[in-house]
Amino acid sequence: MTIRELFAKLRSLVGGVGQDADFQEELQAHVEMAAAELMRQGHSAEEARRLALVRIGGAEQTRELQRDARGLPWLETLMQDTRQALRTLRRDAGFTTFAVLTVALGIGASSTVFNIVNALLLRPLPFRDAERLVWIVAGKGEGLSAATAQVNNLLEFRAQSRSFEDIAGYFAFYGVGDSMMTGVGEPERLTRVPVTENFFPLLGVQPVLGRHFTRQECVDNGPRVALLSHGFWVRRFASDPAIVGRELTLNNQPVTVVGVLPASFDFATVFTPGSQTDLFVPFPLTPRTDRQGNTLALVGRLRPGVSVGQAQAEADVISKQIREANPNRNQLEPTLQVLSERVSGAMRFPMLVLSFAIGVVMLIVCANLSNLLLARSAGRTKEIAIRAALGAGRGRILRQLLTESLVLSLGAAMLGVVLAVFATEALTRIDSLSIPLLQEVRMDGAALGFTLLVAMVTGIAFGLAPAWRLSSPVLHSALKESTRGSTEGSGSAWIRRALVVSEVAFACMLVAAAGLLLRSFTRLLDVDMGFRPQSAVSIRIDPNRSYDTQEKRNGYFDEALARVRNSPGVVAAGLTDSLPLRGSRTWGFAPKGREFRREDYPLGFVRVVSDGYFAAMGVALVAGRDFTPADTATSEKVIIVNEEIAKKMWPGEDALGKIMRTDRPDRRVIGVVRNVRHLALEKESGFEFYLPVRQTNDWGSAMLVVRGSRSAADLAAAVRGALTPLDATLAAAEYRTIQGLVDRAVSPRRFLLLLLAGFAGFALVLAGLGIYAVVSYSVNQRRQEIGIRMALGASAGDVRREVLVQTLQLAGVGLGLGMAAAFVLGCVIEGLLYQVTPGDPMTFGAMLCILAGAAMLAGYLPARRASRMDPMEALRAE
Amino acid sequence: MIPKKLDLLQGTLDVMVLQTLSAMGAQHGYGIARRIEQTSGNQVLLNQGTIYASLVRLQQRGWISASWGTSDNNRKAKYYSLTKRGVKQLAADAEHWRQLADVMGRMLALKAEEGK
Numbered sequence: 001m002t003i004r005e006l007f008a009k010l011r012s013l014v015g016g017v018g019q020d021a022d023f024q025e026e027l028q029a030h031v032e033m034a035a036a037e038l039m040r041q042g043h044s045a046e047e048a049r050r051l052a053l054v055r056i057g058g059a060e061q062t063r064e065l066q067r068d069a070r071g072l073p074w075l076e077t078l079m080q081d082t083r084q085a086l087r088t089l090r091r092d093a094g095f096t097t098f099a100v101l102t103v104a105l106g107i108g109a110s111s112t113v114f115n116i117v118n119a120l121l122l123r124p125l126p127f128r129d130a131e132r133l134v135w136i137v138a139g140k141g142e143g144l145s146a147a148t149a150q151v152n153n154l155l156e157f158r159a160q161s162r163s164f165e166d167i168a169g170y171f172a173f174y175g176v177g178d179s180m181m182t183g184v185g186e187p188e189r190l191t192r193v194p195v196t197e198n199f200f201p202l203l204g205v206q207p208v209l210g211r212h213f214t215r216q217e218c219v220d221n222g223p224r225v226a227l228l229s230h231g232f233w234v235r236r237f238a239s240d241p242a243i244v245g246r247e248l249t250l251n252n253q254p255v256t257v258v259g260v261l262p263a264s265f266d267f268a269t270v271f272t273p274g275s276q277t278d279l280f281v282p283f284p285l286t287p288r289t290d291r292q293g294n295t296l297a298l299v300g301r302l303r304p305g306v307s308v309g310q311a312q313a314e315a316d317v318i319s320k321q322i323r324e325a326n327p328n329r330n331q332l333e334p335t336l337q338v339l340s341e342r343v344s345g346a347m348r349f350p351m352l353v354l355s356f357a358i359g360v361v362m363l364i365v366c367a368n369l370s371n372l373l374l375a376r377s378a379g380r381t382k383e384i385a386i387r388a389a390l391g392a393g394r395g396r397i398l399r400q401l402l403t404e405s406l407v408l409s410l411g412a413a414m415l416g417v418v419l420a421v422f423a424t425e426a427l428t429r430i431d432s433l434s435i436p437l438l439q440e441v442r443m444d445g446a447a448l449g450f451t452l453l454v455a456m457v458t459g460i461a462f463g464l465a466p467a468w469r470l471s472s473p474v475l476h477s478a479l480k481e482s483t484r485g486s487t488e489g490s491g492s493a494w495i496r497r498a499l500v501v502s503e504v505a506f507a508c509m510l511v512a513a514a515g516l517l518l519r520s521f522t523r524l525l526d527v528d529m530g531f532r533p534q535s536a537v538s539i540r541i542d543p544n545r546s547y548d549t550q551e552k553r554n555g556y557f558d559e560a561l562a563r564v565r566n567s568p569g570v571v572a573a574g575l576t577d578s579l580p581l582r583g584s585r586t587w588g589f590a591p592k593g594r595e596f597r598r599e600d601y602p603l604g605f606v607r608v609v610s611d612g613y614f615a616a617m618g619v620a621l622v623a624g625r626d627f628t629p630a631d632t633a634t635s636e637k638v639i640i641v642n643e644e645i646a647k648k649m650w651p652g653e654d655a656l657g658k659i660m661r662t663d664r665p666d667r668r669v670i671g672v673v674r675n676v677r678h679l680a681l682e683k684e685s686g687f688e689f690y691l692p693v694r695q696t697n698d699w700g701s702a703m704l705v706v707r708g709s710r711s712a713a714d715l716a717a718a719v720r721g722a723l724t725p726l727d728a729t730l731a732a733a734e735y736r737t738i739q740g741l742v743d744r745a746v747s748p749r750r751f752l753l754l755l756l757a758g759f760a761g762f763a764l765v766l767a768g769l770g771i772y773a774v775v776s777y778s779v780n781q782r783r784q785e786i787g788i789r790m791a792l793g794a795s796a797g798d799v800r801r802e803v804l805v806q807t808l809q810l811a812g813v814g815l816g817l818g819m820a821a822a823f824v825l826g827c828v829i830e831g832l833l834y835q836v837t838p839g840d841p842m843t844f845g846a847m848l849c850i851l852a853g854a855a856m857l858a859g860y861l862p863a864r865r866a867s868r869m870d871p872m873e874a875l876r877a878e
Numbered sequence: 879m880i881p882k883k884l885d886l887l888q889g890t891l892d893v894m895v896l897q898t899l900s901a902m903g904a905q906h907g908y909g910i911a912r913r914i915e916q917t918s919g920n921q922v923l924l925n926q927g928t929i930y931a932s933l934v935r936l937q938q939r940g941w942i943s944a945s946w947g948t949s950d951n952n953r954k955a956k957y958y959s960l961t962k963r964g965v966k967q968l969a970a971d972a973e974h975w976r977q978l979a980d981v982m983g984r985m986l987a988l989k990a991e992e993g994k
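So the sequences go chain by chain: A and B.
FYI, in my numbering the residues of the first sequence are 1 to 878.
FYI, in my numbering the residues of the second sequence are 879 to 994.
Here's what the structure looks like:
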């Protein structure tokens, strides 16, 4: 069909009536001319007219033929069916509202889940040829130090590798908020990430303003320059197009802006979910930075056609040579991983679970609607029978009924899309959610397509069985014979029971899965973290540059701690360089006198803290003493270790007083503290040790932790007030609660749990409604039977009991199937569980109670109605 | 006895209509139908009504145009005439039919020889 023809046809669809009149006139003329000719041949006027109509093949048929030729018959039928469907649906507004809401909720949830899955698993990372990007874990072991590489290792590896086009890196130990920007408005702590010269070119990220770093800028003591993140540029400089070339003051040093990165590039969302980065500075690859040890997180770009496996094989060979040639250097033992796998790999399984769950929810939605439509179909058989009698074939009736369910599901999809847009928007707004690529989650064309598809499939899925039954010719003949309301046909009843049983079984699965996750979550929150997150806040109070010696800095710390401790509401205060569940620096260490082979050398998480930190963080001191302000550079070098070190390094002995070596000179153990879960709540702590802040300069930031009896905001205000005389810039210092750190750490789990719980709740309600609908319908169908039995002496209690038993039988089958399925599902999601077995009796017990309770409630209402029936009334209704 | 009539192949009627209009000039539906009947020697008597489906089709394709006029005996009637594109289309169709008829003729002749 040509475009011209299509337009002509569409035009004719719009102007139907005028064209009919026009053709009527043409036809009239035709008949008159034909009749006139026939009369000339000797026929009577009447006969001539009859013959003319016969020759034309009937006036109505001709009109029909012409109409079909000029328009689009299938479209007209569709429009006609749609109009008819809308009329029918309007007539039963209650049903329609319920159905649309149910499906809309289901579709809205599906499409929201799709958006998340799409961003995390389906869409490529927002980089050029992202499938060739590889994350390179530089070594084995826990913690950032083990995963990062030393500069010379990178340089040599890069020079020798044939698999990689290029390898870049960023400084992994950048401190969140370690750059204080002054000079423009309020002072603000910014997060800057040092990156290698080739970092952005390798990812394929082009600045929207300005340029990349140049070679001259990536040297020791080179020009101070920065690239701004798009978000920071928009937020702080109102998208000032003249920003390039401007000088900012960071930590009292001038830094020139050389460019702005595109909005599509969000460093944090890919590399450090749940945080924010403001600017990027060059990280030079020089002997100076090499001496800093393991510093770089590596990203490589494979040459086209090279697989990760090939690259890994080559990396094993090259790194072995490098290790053997440099036995004293940090060991390079790279493990390669596709970047997208590293970014969202951990979320893959939870996302699959979520997708599965929403699929189950949609099945329940379909079963529920199917059920309702089947119940309604009894009331519609007459209407359908009339249509069939008027000549509508089964196909035509089927099409009409399916159009009805499609209209329903498409209408619901429109509402669902609106819901999904809001839900998606709300999701990306949750700052404390540490899920990668969250900023990439959005409603796009693919999502709309998906939603449309889901709506179509849903409409057909829930509409097919009822439509098939309703259009069945057997049904019509049966109805013609007997209009008396007899018991429901066994076929239909069977379908409806099966639907309810599957609804209950599906709901079982979801409730059990949500229950298992909930139990895991509470178990996790009950875990002994080793610190008490409640009623503690942290504020960053790095000494500014005027404190340029360790002695001056110690004086600053003394003063700051004294001021804070004297503020109202403060119970304890102390300093640390790293908060739990945030960074993770590891150092090698050993009890003095013990030798280890290089590969067995113990690594421990190191923290630099002040006196009072343990009290403020709520870490219990098990033995010995806390640090004091007297532990300074001039006094004996001391160290506090965790129980794990004390137990493993000096088994059966007292760790106190032992000498341990980590940095020079050796340190004496003066205290033992509880283990702190520093990496994640799920992970055991491993070795941890603490150095006094006044005895070392090896720390990157000074975080003040304050425990107090007041609210976090009040506490922070008191601390700020106390410190402002010391440093005016602290007036605007941001605080974070320690509880917030814990919340963030468990946020992906909480996120999954909340969604699943929501789905389970929805499923439960639908299953309950499903049971109610079936039981209630069967009670209505059996009115006479019940009436007779009551007349014969059955008591109201007997009737009630019988209906309830019927309900429980139905629910029982569903529960049995559902329990089995739920156990299988539990085994599949075992990886997401924490200290809960897939068959957790408590979860299953609770699930059983909840579902049985819902079933009882759903059955009780119709049972009560049945028992209150007046037998005479019921019989008279004949 | 009802004489056996030829079934019309799909698209054949359209060519007949175009050819009729080409030969007779502007004509109304009845006129076209009668002319086709006469020309075929009443062999392809169609339901005259089908002519109108064909006319709509041809109009929508832009091969003919229509306007109301007055017939010989002063009756109002819709007259159809070929457009420029219609003339071109008819030439192409006619060529196609001629070739097809030619080939069919030869094919059938071949079969008759073999039968001997």
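Yeah, the Cβ is synthetic: ideal placement off N, Cα and C, and Gly gets one too.
The residue among 695(A), 806(A), 514(A) and 755(A) with its C-alpha nearest the C-alpha of residue 423(A) is 755(A). In this structure, 538(A) is the residue among 104(A), 545(A), 538(A) and 576(A) with its C-alpha nearest to the C-alpha of residue 570(A).
Residue 56(A) reaches chain B at 925, 926 and 927, counting residues in chain order whose Cβ is nearer than 7 Å. Going by beta carbons, residue 770(A) and residue 503(A) fall inside the 8 Å limit. Counting only residues of its own chain and dropping the five nearest sequence neighbours on each side, residue 102(A) has a CB closer than 8 Å to the CB of 365, 368, 369, 412 and 766. With contact defined as three or more Cβ pairs closer than 8 Å, the region 287-299 of chain A and the region 308-319 of chain A are not in contact. Residue contact with chain B for residue 9(A): present (Cβ-Cβ distance below 8 Å to some residue of chain B). Residue environment analysis places residue 75(A) among the exposed positions, since fewer than 16 neighbouring C-beta atoms fall within 10 angstroms of its C-beta. 949, 951, 953, 954, 955 and 956: these are the residues of the region 942-964 of chain B whose beta carbon lies less than 8 Å from some beta carbon of chain A, given in chain order. Judged by their CB atoms, residue 425(A) and residue 123(A) are not nearer to each other than the 8 Å cut-off.
Using a Cβ-Cβ cut-off of 8 Å, residue 935(B) counts as an interface residue toward chain A, since at least one Cβ of chain A sits closer than that to its own. According to the DSSP assignment, residue 241(A) belongs to no alpha helix (DSSP H), since it is labelled neither H nor E.
Looking at the backbone, the Cα of residue 218(A) and that of residue 826(A) are separated by about 52 Å. For residue 931(B), at least one C-beta of chain A is nearer than 8 Å to its own C-beta. For residue 429(A), the enclosing alpha helix (DSSP H) has its first and last residue at 394-429. When DSSP reads this structure, residue 660(A) sits in a beta bridge with 591(A) and 667(A).
For residue 166(A), the beta-bridge partners assigned by DSSP are 301(A). Residue 466(A): not part of any beta strand (DSSP E); member of the alpha helix (DSSP H) spanning 445-470, first to last residue.
Interface with chain B (8 Å Cβ-Cβ cutoff): residue 69(A) is included. The Cβ-Cβ distance between residue 189(A) and residue 744(A) does not fall below 8 Å. Close partners of residue 13(A) in chain B (Cβ separation under 7 Å) are lacking, with about 12 Å as the shortest Cβ gap. Proximity of residue 938(B) to chain A, defined by a Cβ-Cβ separation below 8 Å, is satisfied. Under the Cβ criterion of 8 Å, residue 919(B) is not counted among the residues facing chain A.
Along the region 190-269 of chain A, the beta strand (DSSP E) occurs as fully enclosed runs of 3 or more residues at 192-195, 225-228, 247-250 and 253-260, listed in sequence order. Just so you know, the alpha carbons of residue 665(A) and residue 596(A) end up roughly 19 Å apart.
Per DSSP, the unbroken alpha helix (DSSP H) holding residue 751(A) starts and ends at 747-781. Secondary structure in the region 33-80 of chain A: the alpha helix (DSSP H) runs of 4 residues or longer, each lying completely within the stretch, are 45-56 and 59-70 in chain order. By the criterion of a C-beta distance shorter than 6 Å, residue 196(A) is surrounded in its chain by 168, 169 and 283, once the five residues flanking it on both sides are discounted.
With a cutoff of 8 Å on beta-carbon distance, residue 839(A) and residue 823(A) are scored as near each other. For secondary structure counted as the beta strand (DSSP E) over 3 or more consecutive residues, the region 925-986 of chain B holds these complete runs in sequence order: 942-948 and 954-960.
Rounded to whole angstroms, residue 697(A) and residue 554(A) show a C-alpha spacing of 11 Å. Contact between the region 391-407 of chain A and the region 78-85 of chain A is present: three or more C-beta pairs spanning the two stretches fall below 8 Å. With the criterion set as a beta carbon lying under 8 Å from some beta carbon of chain B, the members of the region 64-91 of chain A are 65, 66, 68, 69 and 70, in sequence order. At a cut-off of 8 Å between beta carbons, residue 907(B) contacts chain A. The three-state secondary structure of residue 642(A), taken from DSSP, is strand. Residue pairing by DSSP places residue 171(A) opposite 296(A) in a beta bridge.
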